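Structure first, commentary second.
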């Protein structure tokens, strides 16, 4: 199994070390740090192609090139009750921005169980996995674009 | 704006309480308020002061088998939340009270009839800017003695559904029209939950659960409007033996609640195996208009 990005792995381990109550409180606190995508990146109405399929919290994902060939991730969560989606968005944005896209493209979607525990409903877990999958997909797309650019010599 | 609950013409208006009622009973020792959600973080983010959490996976389901908790498990749950047989348990939650009615239904399997649903659920309470808290209350453990779980009155199993089908008795499919027609295997915005076949149980009426609630505030529609939907439009009669189903039994517990308590249907059961069971069973009859339509067009 591939290693996860270091900062991300550290956070997962610290969540896994907590009992359910403390884990929920930590995730709620993390959700409180969530910041919606800034207007400089995207403004409402957000484009449908950025919407995470299967996420009923109406999450959107953007990736913009950062420093040294990495990407910075931005999210919107339109459902004000979508606390889990906000927590995951904050985690992914904070832990994966600036990480080499090769590493992000390898992150398994079921990492959501390490974050939230196994007691997610199927619908909720697959919706959250959709967010991870969309982040992975943007990393893969970026890598393909870069490779095509190299081939074209641009 | 919704009428007062007692003015809406329900058969059993006592099973529904308003947000005002709940606020007036926040410190009532005979009332235990319980939140039941799909989102595992919502309760932790804030909840009605004094409310306990009843988690549908952890607290209500058997951890190994696909089944509900045993008598012993139910007693442990009631002891944990500090409830006795005389405690009135008021349930509320997200998703227009899907999970609250699901929990309410499980309470009825153990004969805890002192139970109510807070009309409008969590969203209404928050929208009305009523008090919330992040403090998780602790109540002294009680001695709760429950009867054995009785699935006969309110729960239907697949063999019973097959018999029901053979007798041409009414089934109500409360999923989205797209799930019913077989165009999708799961509700809009929800991923597939593992049913191999789409469609519906033959002859089932399509009455999506959400038709029973007022979209603006999540409260239940009044009895006259509900009768129009279930009785006039779909020809159900209160004397009918009805089985409701959805995907895993959560949305259909909402419709079960509406038919049995609000409209006074005596014989309503929730088929909790629902489409995640039926859509995977070998050789059971299925109607799938989307596929049948394509086949007819191809022929």
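Chains as they are written, first to last, in my numbering: chain W, 103 to 256; chain V, 901 to 1199. Backbone N, C-alpha and C define an ideal beta-carbon position, used for all residues, glycine too. Computed from a prediction, not measured in an experiment: that's the story for all the values here.
Give me, in chain order, the residues of the same chain whose beta-carbon lies closer than 7 Å to that of residue 238/W; leave out the 5 immediate sequence neighbours on both sides.
Excluding positions up to five away in sequence, the list reads 206, 207 and 209.
Consider the Cβ of residue 919/V: report whether some Cβ of chain W lies at a distance smaller than 8 Å.
Closer than 8 Å: no.
Sorted by chain position, which residues of the same chain lie with C-beta nearer than 8 Å to residue 1088/V's C-beta, five sequence neighbours on each side aside?
With a pLDDT of only 49 at residue 1088/V, under the threshold of 50, the placement of this residue in the model should not be trusted; the figure read from the coordinates follows. Here the set comprises 1076 and 1078.
Is residue 1033/V close to chain W? Criterion is C-beta to C-beta, closer than 8 Å.
Taking Cβ atoms only, chain W never reaches closer than 8 Å to residue 1033/V, which makes this a no.
Can you check DSSP and say which residues form a bridge with residue 173/W?
Partner(s): 167/W.
Since residue 163/W meets chain V, which of its residues come closer than 7 Å, beta carbon to beta carbon?
Correct list: empty, because the minimum Cβ distance to chain V is about 16 Å.
Could you list the residues in the segment 932-952 of chain V with a C-beta less than 7 Å from some C-beta on chain W, going in chain order?
Listed in sequence order: 938, 939, 940, 941, 942, 944 and 945.
Give me the DSSP bridge partner(s) of residue 937/V.
The partner list for residue 937/V (beta bridge, DSSP) is empty, contrary to what the question assumes.
So which residues on chain W does residue 958/V lean against when the C-beta distance must stay under 9 Å?
Per Cβ cutoff of 9 Å: 122 and 221.
Closest Cβ-Cβ distance between residue 214/W and chain V: below 8 Å?
For residue 214/W, the answer is no, since every Cβ of chain V falls outside 8 Å of its Cβ.
Grab me the residues of residue 932/V's own chain with a C-beta within less than 8 Å of its C-beta, minus the 5 sequence neighbours each way, in chain order.
Once the five neighbours on either side are set aside, the close Cβ partners of residue 932/V are 952, 981, 982, 983, 987, 988, 989, 990 and 1039.
For residue 161/W, is the classification buried or exposed, using 16 other Cβ atoms within 10 angstroms of its Cβ as the cut-off for buried?
Buried, since its Cβ has 16 or more Cβ neighbours within 10 Å.
Straight-line CA distance for residue 1020/V to residue 1110/V?
The straight-line gap from Cα to Cα measures roughly 12 Å.
Would you mind stating whether residue 97/W and residue 244/W have Cβ atoms separated by less than 8 Å?
It is not possible to answer for residue 97/W, since the shown part of chain W is limited to 103 through 256.
Kindly indicate if chain V contains any beta-carbon less than 8 Å away from that of residue 193/W.
No, residue 193/W does not count as interfacial toward chain V.
In three-state terms, what does DSSP make of residue 1145/V?
Residue 1145/V falls in the strand class under three-state DSSP.
Quick one: which chain A residues come within Cβ less than 7 Å of residue 234/W?
Looking at the structure shown, chain A is missing, and the protein chains on hand are W and V.
For residue 1001/V, count the other beta carbons within 10 Å of its own beta carbon; 16 or more makes it buried, fewer makes it exposed. Which is it?
With 16 or more Cβ atoms within 10 Å of its Cβ, residue 1001/V is classed as buried.
Within a Cβ cutoff of 6 Å, which residues of the same chain sit near residue 912/V, ignoring the five residues on either side of it in sequence?
Result list for residue 912/V: 1161, in chain order.
Hey, which unbroken runs of the beta strand (DSSP E) at 3 residues or more fall wholly within the segment 1010-1036 of chain V?
Segments of the beta strand (DSSP E) lying fully in the segment 1010-1036 of chain V: 1015-1018.
Against chain V, with Cβ distances strictly below 8 Å, would residue 129/W count as a contact?
Judged by the 8 Å Cβ criterion, residue 129/W is in contact with chain V.
Do you know whose CA, among 1037/V, 1175/V and 910/V, lies nearest residue 946/V's CA?
Nearest option by C-alpha distance: 1037/V.
Excluding five sequence neighbours on each side, which residues of the same chain lie with their C-beta closer than 6 Å to the C-beta of residue 1024/V?
Excluding sequence neighbours, residue 1024/V sits near 919, 1117 and 1118.
Can you grab the Cα-Cα spacing for the pair residue 125/W / residue 152/W, in whole Å?
If you take the alpha carbons of residue 125/W and residue 152/W, they lie about 29 Å apart.
Tell me the DSSP secondary structure of residue 953/V in three-state form.
Strand.
Using a Cβ-Cβ distance cut-off of 8 Å, determine whether residue 226/W contacts chain V.
Answer yes: the Cβ-Cβ gap between residue 226/W and chain V drops below 8 Å somewhere.
Between residue 1124/V and residue 142/W, what straight-line distance do the alpha-carbon atoms span, to the nearest angstrom?
Straight-line Cα distance between these residues: approximately 51 Å.
Checking contacts by CB at 8 Å: is residue 1023/V closer than that to chain W?
Cβ-Cβ to chain W under 8 Å: yes for residue 1023/V.
Take residue 1181/V and list the residues in its own chain whose beta-carbon comes closer than 8 Å to its own, dropping the five residues that flank it on each side.
The answer, listed in chain order, is 1058.
Under 8 Å: do the segment 958-974 of chain V and the segment 1045-1063 of chain V share three or more Cβ pairs, one atom per stretch?
These segments touch.
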